[in-house]
Amino acid sequence: MGKSASKSLRFTKISLQSWRNFKKVDVALQHRVFLVGPNASGKSNFLDAFRFLRDIVSIGGGFQEAVRKRGGVSKLRCLAARRYSNIVIHVHIDDGSIPAWEYELEFNQNTQRQPYIIKERVVKEGKNILDRPNAEDKNDQKRLSQTYLEQVYTNQDFRDLVDLFTSVHYLHIVPQLIREPDRSIGKSNDPFGGDFLEQIARTPEKTQNSRLRRIISALQVAVPQLENLELKRDNRGTPHLRGKYKHWRPQGAWQMEEEFSDGTLRLMGLLWAILDGKGPLLLEEPELSLHPEVVRHIPQMFARVQRRSGRQVLFSTHSTDLLYDEGIGLDEVLLLRPGEQKGTGTSIHTASEIEQIEELLEGGSSLAEVVIPETRPKEAQQLTLWGK
Amino acid sequence: MKDGYTVSVSGAVEGDLDEAVLRRLVEEKGAILDRLYGKQGKQHIEKRLGGYNQAAHRFPWVVFRDLDHDADCAPSLKARCLPNPARYMCFRIAVRTIESWLLADRESIAGFLRVAVSRVPSFPETLDDPKYAMVELARHSRLRDIREGVVPRPGSGRKVGTLYTSQLIEFAQTKWEPETAAQRSDSLRRCRERIHEPVKSQIDKSSS
Chain A
658 MGKSASKSLR FTKISLQSWR NFKKVDVALQ HRVFLVGPNA SGKSNFLDAF
708 RFLRDIVSIG GGFQEAVRKR GGVSKLRCLA ARRYSNIVIH VHIDDGSIPA
758 WEYELEFNQN TQRQPYIIKE RVVKEGKNIL DRPNAEDKND QKRLSQTYLE
808 QVYTNQDFRD LVDLFTSVHY LHIVPQLIRE PDRSIGKSND PFGGDFLEQI
858 ARTPEKTQNS RLRRIISALQ VAVPQLENLE LKRDNRGTPH LRGKYKHWRP
908 QGAWQMEEEF SDGTLRLMGL LWAILDGKGP LLLEEPELSL HPEVVRHIPQ
958 MFARVQRRSG RQVLFSTHST DLLYDEGIGL DEVLLLRPGE QKGTGTSIHT
1008 ASEIEQIEEL LEGGSSLAEV VIPETRPKEA QQLTLWGK
Chain B
35 MKDGYTVSVS GAVEGDLDEA VLRRLVEEKG AILDRLYGKQ GKQHIEKRLG
85 GYNQAAHRFP WVVFRDLDHD ADCAPSLKAR CLPNPARYMC FRIAVRTIES
135 WLLADRESIA GFLRVAVSRV PSFPETLDDP KYAMVELARH SRLRDIREGV
185 VPRPGSGRKV GTLYTSQLIE FAQTKWEPET AAQRSDSLRR CRERIHEPVK
235 SQIDKSSS
């Protein structure tokens, strides 16, 4: 267990049924995924399926807790899916060559609103190694309140899978928290980035320096004047980040983190997060507080730090500026479209499925331009009508 | 140039790589690129060219556009897009895309992509698709980072790889020598000569 195999494992496919906005979706996932869609189309809900798997296997977590945290089965269930009320999450996991794992979980709630498992399945290299409900479950229905994933004595045959779920990391950095470290005292692995500077400070110096160097090289795509980045502790021991810029002064100019813009600070946090860890990373709206000119460089910056790590990163974004990059694969862009009619739920398509996309790109349009009409909120036109 | 006086130039380009090249060429003349417009493809520039030209009656402007396959030669495209360029307008066309200017510095690009110089095309302006030529060159790189970053992944549906733009921006910023490249690219040679004109006239204006 914990051998190198888990290092390069990633999600290659996810199928969701009756999960929040999604009545039924089936999506292939690349190393890098951009989730694009209007507000409330379900970008965060899509990412939440991966967080749910993580919550099942995390310490102090488990299936019951993961459902409870989300307000119960009736909150999770897709309103559009009246006939198929069972919730299904089914993921495929590969190391890039052979199909390594599949995990499928189907659940609902009983009359006392207690979540229970209808089906749990683990497939290893094409063979079923777990298929529930099994004979023991049939003798003791109570067993169906827990998954086999969450217990060390039932998951020993698929620890790599458990390790992958455990390594899923979610991040939605709030720059104000980085500026005011007092607000996050005592927190560790804060998904909102409160302990970001402290995390850097705790990293051994050699690793810290090499990561900061990679971050500089990535940031230079958008900020060519940036020469150096370093972490210093003040008299009270609080860590501060400062950056050195090429400047008219011969020594250059140092800038403390208070002088960095919210967006820059947040960007540094996100780049650090990519370098820190190996499991799939879920990043919400990396474009927040950034100038559109910087946003269009995000894919290049992230790809530069991500280089060689093989780490899977799933971004959710509102910004089509992000899609000007010519190097973004059409199969890396997932477009979320809320259902036209009641009862249809959100659908997901890759950009390569857009009709005429080849012709439009060939004719000189950028992927951003092609995708805009696909992601525009339907209400946007109605808003102008109301104004009249 | 007068002491302490730097000429500011406005510019418009099709994309990020063009920006890096424009910056090098403007800075080479001792000027700075003060304002940059466009970066949303050629149609975007074409629509706004009238306005840029209007502004170039008073201020120096440099606008780049790729010839692609939109005309047989640069002069005919220029005549069509901008028949009456303003006094300080420098409208330059790269034959056929900006990549040919980068390929024209054979030694440097071979060194950067880690390929044999003999693989780099000798006459970049005769290439049908210089961007494709650049990607093909990178396919032979001895460095894994270059091969995996510059060449598109099968199934991606794109012509370039994930790191194509930033790798070539880095090349344009740090290794590319415009003077050497101009010897193999006529459109670049003319561009370097003409960029000088609005800059020079602006200096003359300030010292008169």
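Taken in sequence, the protein lines are chains A and B.
FYI, in the working numbering the residues of the first sequence are 658 to 1045.
FYI, in the working numbering the residues of the second sequence are 35 to 242.
Beta carbons: idealized from backbone N, C-alpha and C, even for Gly.
Assigned secondary structure, residue i (DSSP; H/G/I helix, E/B strand, else coil)
| i | result |
| --- | --- |
| Leu67(B) | strand |
| Arg840(A) | Residue confidence is low: Arg840(A) scores 48 on pLDDT, short of 50, so the model does not pin down where it sits. Its coordinate-derived value is still stated next. Reduced to three states, the DSSP call for Arg840(A) is helix. |
| Glu887(A) | strand |
| Trp929(A) | helix |
| Cys735(A) | coil |
| Phe720(A) | helix |
| Val730(A) | helix |
| Ala150(B) | coil |
| Gly1021(A) | coil |
| Gly145(B) | helix |
| Arg677(A) | coil |
| Gly699(A) | coil |
| Pro949(A) | helix |
| Lys863(A) | helix |
| Ile786(A) | strand |
| Lys165(B) | helix |
| Lys670(A) | strand |
| Ile744(A) | strand |
| His78(B) | helix |
| His954(A) | coil |
| Leu116(B) | coil |
| Tyr827(A) | strand |
| His230(B) | helix |
For residue i: DSSP bridge partner residues
| i | result |
| --- | --- |
| Gly45(B) | Leu70(B) and Val96(B) |
| Ser973(A) | Leu692(A) and Glu941(A) |
| Lys776(A) | Glu763(A) |
| Trp758(A) | Ile750(A) and Lys781(A) |
| Phe912(A) | It is Gln, not Phe, that sits at residue 912(A) in the sequence shown. Partner(s): Gly900(A). |
| Leu992(A) | Val693(A) and His1006(A) |
| Ile127(B) | Arg99(B) |
| Asp683(A) | Ser672(A) |
Environment of residue i [buried if 16+ CB atoms lie within 10 Å]
| i | result |
| --- | --- |
| Val149(B) | buried |
| Asp106(B) | exposed |
| Lys732(A) | exposed |
| Val151(B) | exposed |
| Val809(A) | exposed |
| Lys726(A) | exposed |
| Ser867(A) | exposed |
| Glu1010(A) | exposed |
| Asp712(A) | buried |
| Ile66(B) | exposed |
| Pro974(A) | This sequence places Thr at residue 974(A); Pro is not what is there. Classification for Thr974(A): buried. |
| Ile755(A) | exposed |
| Asn702(A) | buried |
| His954(A) | buried |
| Ile203(B) | buried |
| Glu48(B) | buried |
| Asn87(B) | buried |
Of the residues the options, the one placed nearest residue i, counting alpha carbons only
| i | options | result |
| --- | --- | --- |
| Leu886(A) | Phe917(A), Arg859(A) and Tyr805(A) | Phe917(A) |
| Gly986(A) | His91(B), Gly189(B), Glu53(B) and Arg57(B) | Gly189(B) |
| Thr160(B) | Arg130(B), Asp179(B) and Arg126(B) | Arg130(B) |
| Thr823(A) | Leu692(A), Arg871(A), Ser715(A) and Arg677(A) | Ser715(A) |
| Lys670(A) | Ser966(A), Val748(A), Thr921(A) and His688(A) | Val748(A) |
| Asp788(A) | Asn796(A), Lys795(A) and Arg778(A) | Arg778(A) |
| Arg870(A) | Ala737(A), Arg961(A) and Leu991(A) | Arg961(A) |
| Val194(B) | Val693(A), Gly984(A), Gln803(A) and Glu1031(A) | Gly984(A) |
| Gln201(B) | Lys73(B), Gly84(B), Leu147(B) and Arg187(B) | Leu147(B) |
| Pro1030(A) | Ser976(A), Val970(A) and Asn785(A) | Ser976(A) |
| Thr1032(A) | Val990(A), Thr1001(A) and Glu1016(A) | Val990(A) |
| Phe853(A) | Arg923(A), Val825(A) and Asp820(A) | Arg923(A) |
| Ala172(B) | Leu197(B), Phe157(B), Ser156(B) and Gly191(B) | Leu197(B) |
| Arg82(B) | Gly45(B), Glu213(B), Phe205(B) and Asp102(B) | Gly45(B) |
| Lys681(A) | Gly900(A), Gly1021(A) and Ser1004(A) | Ser1004(A) |
Chain C contact for residue i (CB, 8 angstroms cutoff)
| i | result |
| --- | --- |
| Ser918(A) | The structure shown has no chain C; the protein chains it does contain are A and B. |
### Positions along the stretch 856-888 of chain A whose CB lies within less than 7 angstroms of some CB in chain B
Val878 and Pro881
### Task
Give the residues from the stretch 216-227 of chain B that approach chain A closer than 8 angstroms (Cβ to any Cβ), ordered along the chain.
none
#### Entry: Chain-ordered residues of the stretch 932-964 of chain A with a beta carbon less than 7 angstroms from chain B
Gln957, Ala960, Arg961 and Arg964
### Message
Which residues of the stretch 106-137 of chain B have a Cβ closer than 8 angstroms to any Cβ of chain A? Give them in chain order.
### Response
Correct list: empty, as no residue qualifies.
### Query
For the stretch 972-998 of chain A, which residues have a CB atom closer than 9 angstroms to at least one CB atom of chain B, in sequence order?
Tyr981, Asp982, Glu983, Gly984, Ile985, Gly986, Leu987, Asp988 and Glu989
### Under 8 angstroms (Cβ pairs) to chain A, residues found in the stretch 63-79 of chain B
Lys73, Gln74, Gly75, Lys76 and Gln77
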